[in-house]
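Undergrad: Sharing a structure, written as structure tokens. Questions coming.
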Amino acid sequence: MTKVFISYSHKDEAWKDRLQTQLAVLEMEGLLSVWEDRQIALGDSWYPEIETALNTADVAILLISADFLTSRFIRGEEIPRLLERREQQGIRVIPLILKPCPWKKVGWLSAMQGASRDNVPLSTLVEHQQDDILCKLAEKIHDLVGTCRSGFSPTISPTTPSIHSDRLPTVKGGFFGRTAELQLLNTAWANTTTRIVQFIAPGGTGKTKLLRHWLNHTANIPVLFEWSFYAQGSSEDKQTSATPFFSHAFAKLGSSRERFASEEDKGDHLAELLHGKRYVLVLDGLEPLQHGGAAMRGELKDKAIRQLLRQLARHPSGLCIITTRIALHELSDRDAPTVIRHDLQNLTVADGIQLLQSLGVVGSAAELGKAVREYGGHALALSLLGNVLRLRHQGDVRKRDTLKALVKAKGNRDSRHAFKVMQAYAEWFAGEPELALLHLLGLFDHPIGQDVLQMLWDAQIPHLTAGIDEDEWLEAIASLREEHHLLSQHDSGGDLDCHPLIREYFGGQLQTQQPQVWQQAHERLYEYYKALPEKEFPDTLEEMQPLFSAVAHGCAAGLHQQALDEVYWPRLRRGEDNYICKSHGAFSDSLAVLAIFFTKPWENLTEKLEQKYKELLLDWVSYCLRSLGRLHEAEQSYQAYISIIKTTLYCKRTAIAFNNLSEVQLLLGKINEAEKQAKKAIKFASNDGNWYIKTSATYAYSLLQRGDVTAAADIFIQIEQVFKNDLSIGFLLSVEGFEYCDLLLEQQYVSCVLERAEKALDYARFKKMSLLSISLDQLTLGCAHLQQALSSSSCSLSEAEKWLEQAVTGLRAAGVQHHLPRGLLARAALHRHTRDFARAQADLQEVFDIADGSGMRLHLTDYHLEMARLLVAESLAPSPLAGEGWEEGNSREAADPAYHIAAAAKLINETGYHRRDHELLALQAASGMLCHRQSAHGDNANAGVFKHDRE
């Protein structure tokens with residue numbers, strides 16, 4: 003019998019009942035059976051029941067509304083499984099639009115044929131029209147039943163064609179061993195439980211080779227994306243941009259979107275495009291996007307990639323495979339089998355012997371095994387060694403002893419083995435075109451096209467490309483690729499590439515042994531890329547890519563000041579407009595370019611810049627780091643900036659720097675340090691009224707967080723009294739106005755806050771102030787209306803909901819990460835009071851993701867406090883269904899109020915965030931009462947805490 007599954011939000015239950023009445027006619031005729039979750043008997047396990055229904059349904063009907071589209075359970079569990087079965091097994095998935103909602107903006111939904119003509123929402127029609135559509139839907143399902151009974155399966159074509167994008171390099175040579183790793187990948191791809199696999203190993207171990215082999219021998223991958231960040235540089239200190247990856251992925255998936263509210267928004271968009279597709283996404287060599295220092299635990303620098311991985315960890319329909327030298331901290335709390343971490347070891351002796359023999363190396367088993375052990379089983383080193391022995395010594399393994407010891411030992415033990423063989427190649431190729439070509443590849447940190455190679459050859463650079471004719475170039479390329487296996491190949495065309503360790507070695511040799519040649523070659527590349535864009539002032543990030551390359555090569559040529567004056571300042575930043583950041587929100591790209599001017603990121607700048615530009619660069623870098631939520635680095639950068647400018651006469655600039663440092667330290671939970679920096683800022687701002695106001699407000703707000711409400715209020719009052727004539731409408735606006743209103747709400751002056759916020763919002767809109775200023779005014783109004791409604795039974799929460807929704811939307815669009823948690827926390831509190839617990843949890847999860855990843859310990863404290871309140875509220879409002887999992891750490895203790903209360907208490911003690919002391923005490927009392935209540939009723943531990951809510 004054909005089975006029909008109805009997916010709906012419980013808030014739309016009346017619509018579900020009307021549809022089920024129509025389907026009941028067919029059900030009574032024995033034509034089909036209908037399943038919806040109210041059939042779960044009280045006491046039964048709800049999740050297995052739903053999972054079984056999802057896996058056995060022949061037809062699924064989706065009742066679409068805003069409540070449906072924002073249900074985390076529906077979007078996280080039901081929809082991915084239904085779309086997967088739709089694509090692989092051909093089940094029918096029929097959406098029925100119930101109410102007006104932005105469903106057309108939902109990628110997987112907009113391409114589907116709905117049940118009603120033109121997808122008109124049912125709620126906009128009169129009752130008999132609604133019944134007509136529901137009746138026709140039942141008849142349509144009857145026709146599908148007839149098709150099935152005739153022996154035909156109701157198949158449907160995939161909504162998207164097969165997509166294949168290969169940016170993974172291929173190196174010639176055999177593949178040996180790795181049986182366990184291949185089995186791991188096969189198992190992960192065969193099920194939908196594993197979402198991410200990360201292979202951890204040093205460079206040259208064979209991570210990319212493993213993936214290339216598996217992909218070449220795995221059929222039926224409908225959507226395949228392969229991207230190598232390793233090709234952009236092998237150093238963890240490198241500031242690599244992920245923009246080219248995202249731009250390429252968006253284009254392949256048919257998205258023309260270019261503007262994003264934040265870096266996280268970019269990651270969310272790609273995850274949405276992949277949602278419901280059966281995909282493999284390979285992110286090869288991710289370490290340039292990670293922090294390499296031990297203190298940073300391998301955390302991702304790029305917030306878009308971080309958000310993408312968070313979302314992919316929830317997708318049951320695809321597999322993301324990561325290779326990196328450092329395990330990703332962001333995935334450390336995800337347990338197997340959802341996320342699998344695998345440390346890839348060097349080749350075993352047996353596999354290493356096979357590799358050498360495949361390259362033509364001969365000798366006794368004992369000698370071959372000894373060679374493998376001497377080179378540590380390092381795949382790249384053994385491949386290079388095998389080629390040298392085959393080509394120079396008839397493959398005799400004993401001749402490896404003729405290779406000289408490495409002149410200058412660099413890198414780790416494994417890379418030194420490879421460098422030793424590269425040194426032999428350098429001696430062998432001395433004076434030959436092959437060495438010149440390897441030196442050319444060492445000029446780049448990415449594959450190079452034939453057009454660039456042609457330009458360098460035409461330039462006839464002495465001791466590099468001069469005197470080499472075209473035939474010799476072509477022979478050298480063929481020799482390195484076919485005979486020596488030193489060049490990689492890409493499906494993207496004739497680009498030349500090699501392993502990053504090979505680029506690193508030969509680039510370093512050229513730079514140290516022939517510095518003038520190195521400089522001249524990079525100068526040619528600087529001029530080439532500078533002139534490459536068709537427009538003097540490119541509009542899009544894609545069009546700007548050559549200018550990014552121009553800056554890199556200009557600095558490599560020692561032309562730091564010239565690259566800044568000719569490219570970054572006028573064409574990328576566009577002077578004080580800061581076009582690249584403010585028009586595109588491309589903080590990561592800007593930071594990647596600025597990093598080139600540093601010899602040690604955020605500490606030491608090149609000496610080839612004028613002093614005033616050193617100061618400006620540190621200021622610009624600090625701004626980018628802060629905007630990206632990299633607060634620890636921003637703190638370090640601001641401190642370096644201050645150390646330079648505090649001895650100058652730039653009092654205003656120094657005041658701004660101390661103020662910014664204070665704000666960053668406050669976010670990090672360093673309240674005492676923040677107060678000290680704010681005091682210094684006030685001192686330097688004494689002759690500038692505007693900045694005296696701002697710095698004084700920053701100081702007052704730090705006092706408020708410490709719990710000194712009276713002192714903070716006195717400062718805010720004094721500011722408004724002394725500078726009343728300097729303030730546009732007689733009181734503080736923008737960030738300072740929000741901070742003062744935050745204090746006033748603490749003092750219960752709700753009516754005063756409502757009056758101030760309404761006037762401030764009107765003024766901000768009239769003067770076209772920043773989106774951040776407008777959003778903070780909306781947030782103030784939302785918080786005030788919420789507080790007013792909770793203190794009076796006659797007030798509705800609708801006003802609070804309206805303003806908080808606008809505030810969160812605006813804060814996202816403003817792209818200022820450190821303010822967004824304020825809006826999310828307030829909206830989560832609203833959802834808690836309306837008992838919309840699932841939405842409250844979703845907002846709090848986002849707060850946790852932002853605050854924990856960026857070190858915002860005050861926001862993290864507020865997260866734990868609000869999560870504890872939410873869990874207590876849920877435990878007092880039992881649901882008929884048992885609990886949806888909590889994401890933080892995938893741990894059961896994260897769903898215990900006591901866990902969050904303890905975490906908040908610890909943070910308050912560490913940071914001095916005593917503003918929250920009374921909230922902590924109230925929660926501790928509530929938790930005690932809850933435990934007593936459970937004990938009195940004989941409940942199990944944590945009973946009533948784990949709840950499931952599909953809305």
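Here my numbering is used: the sequence shown runs in plain steps of one and ends on residue 953. Virtual Cβ for every residue (Gly too), placed ideally from N, Cα, C. On a predicted model such as this, the values are computed, not experimentally measured, just so you know.
Our contact map puts K5 next to W37 with C-beta atoms below 8 Å; I'd like the distance itself, whole angstroms only.
TA: Sure, about 6 Å apart at Cβ, within 8 Å.
Undergrad: Considering only DSSP beta bridges, list what D345 is partnered with.
TA: As DSSP reads the structure, D345 sits in a beta bridge with I202.
Undergrad: Could you tell me how far apart the beta carbons of H250 and S319 are, in whole angstroms, since I believe they sit closer than 8 Å?
TA: With a Cβ gap of about 21 Å, H250 and S319 do not count as contacting.
Undergrad: Please state whether the Cβ-Cβ distance between V363 and R392 is less than 9 Å.
TA: yes
Undergrad: Indicate the three-state DSSP secondary structure (helix, strand or coil) for I66 in the structure shown.
TA: strand
Undergrad: Whole alpha helix (DSSP H) runs in the region 750-832 with 4 or more residues, listed along the chain?
TA: 752-768, 773-793, 800-816
Undergrad: When we look at the beta-carbon of T697 and count the other beta-carbons within 10 Å, is it buried (16 or more) or exposed?
TA: buried
Undergrad: So H562 packs on F600, CB below 8 Å; how close in whole Å?
TA: Rounded, the Cβ-Cβ distance is 10 Å, inconsistent with contact.
Undergrad: Compute the Euclidean distance between the alpha carbons of R77 and L71, then round it to the nearest angstrom.
TA: Between R77 and L71, the C-alpha separation is close to 7 Å.
Undergrad: I'd like to check one pair, G397 with L361: are the Cβ atoms closer than 9 Å?
TA: yes
Undergrad: Using only the alpha-carbon positions, how far apart do I42 and E53 sit?
TA: With a pLDDT of 46 at I42, under the threshold of 50, the modelled position of this residue cannot be trusted, and the question is left open.
Undergrad: What first and last residue would you give for the alpha helix (DSSP H) that runs through E748?
TA: Segment 736-748, the alpha helix (DSSP H) holding E748.
Undergrad: Among T913, M931, H902, which residue has its Cα nearest to the Cα of L922?
TA: H902
Undergrad: Suppose contacts are defined by Cβ-Cβ distances below 9 Å. Is T326 in contact with R197 by that definition?
TA: no
Undergrad: When you compare only the Cα positions, how much space is there between S753 and F733?
TA: 16 Å
Undergrad: With a 10 Å radius around its C-beta and 16 neighbouring C-beta atoms as the bar for buried, classify L440 as buried or exposed.
TA: Around the beta carbon of L440, 16 or more other beta carbons lie within 10 angstroms, which makes this residue buried.
Undergrad: Starting from the Cα of L489, find the closest Cα among G509, E474, P449 and give me that residue.
TA: P449
Undergrad: In the DSSP assignment, the beta strand (DSSP E) including R94 goes from what residue to what residue?
TA: 94-99
Undergrad: Going straight from the alpha carbon of C626 to that of L745, what length do you get?
TA: 29 Å
Undergrad: In or out: H130 buried (at least 16 other Cβ within 10 Å) or exposed?
TA: exposed
Undergrad: Please identify the residue among L549, L357, A59 whose C-alpha is closest to the C-alpha of G179.
TA: Minimum Cα distance to G179 is reached at L357.
Undergrad: Considering only C-alpha positions, which residue in the set L774, A273, R505, T350 is nearest to L813?
TA: L774
Undergrad: Between L909, V874, T836, E912, which lies nearest to A924 when the distance is taken from Cα to Cα?
TA: V874
Undergrad: In whole angstroms, what is the alpha-carbon distance linking G784 and I135?
TA: Roughly 40 Å separates the two Cα atoms.
Undergrad: Compute the Euclidean distance between the alpha carbons of L212 and A352, then round it to the nearest angstrom.
TA: 17 Å
Undergrad: Taking C-alpha atoms, which residue in L442, P104, L596 lies nearest to S243?
TA: L596
Undergrad: Which same chain residues, not among the five before or five after L826, have their C-beta less than 7 Å away from its C-beta?
TA: V810, D845, E848, V849, listed in sequence order.
Undergrad: If we ignore side chains and look at the alpha-carbon of each, how far apart do L705 and A905 end up?
TA: 23 Å
Undergrad: Exposed or buried, which one is D716 when buried takes at least 16 other CB atoms within 10 Å?
TA: exposed
Undergrad: Considering only the alpha carbon of each residue, which of F589, A381, E757, E15 lies closest to T207?
TA: A381
Undergrad: Quick one: any contact between the region 306-322 and the region 469-477, if contact means 3 or more CB pairs under 8 Å?
TA: Cβ pair count under 8 Å is below three, so no.
Undergrad: Using CA coordinates, which residue listed in D447, L276, E525 is at the minimum distance from F252?
TA: Residue L276 is the option with its Cα nearest to F252.
Undergrad: Measure the C-alpha to C-alpha separation of S794 and H835 and round it to an integer number of angstroms.
TA: 13 Å
Undergrad: For a test of the three-state rule: what should DSSP assign to D398, helix, strand or coil?
TA: In this structure, D398 counts as strand in the three-state DSSP scheme.
Undergrad: Candidates H586, T863, L349: which alpha carbon is nearest E260's?
TA: H586
Undergrad: Start and end of the beta strand (DSSP E) containing S230?
TA: 225-230
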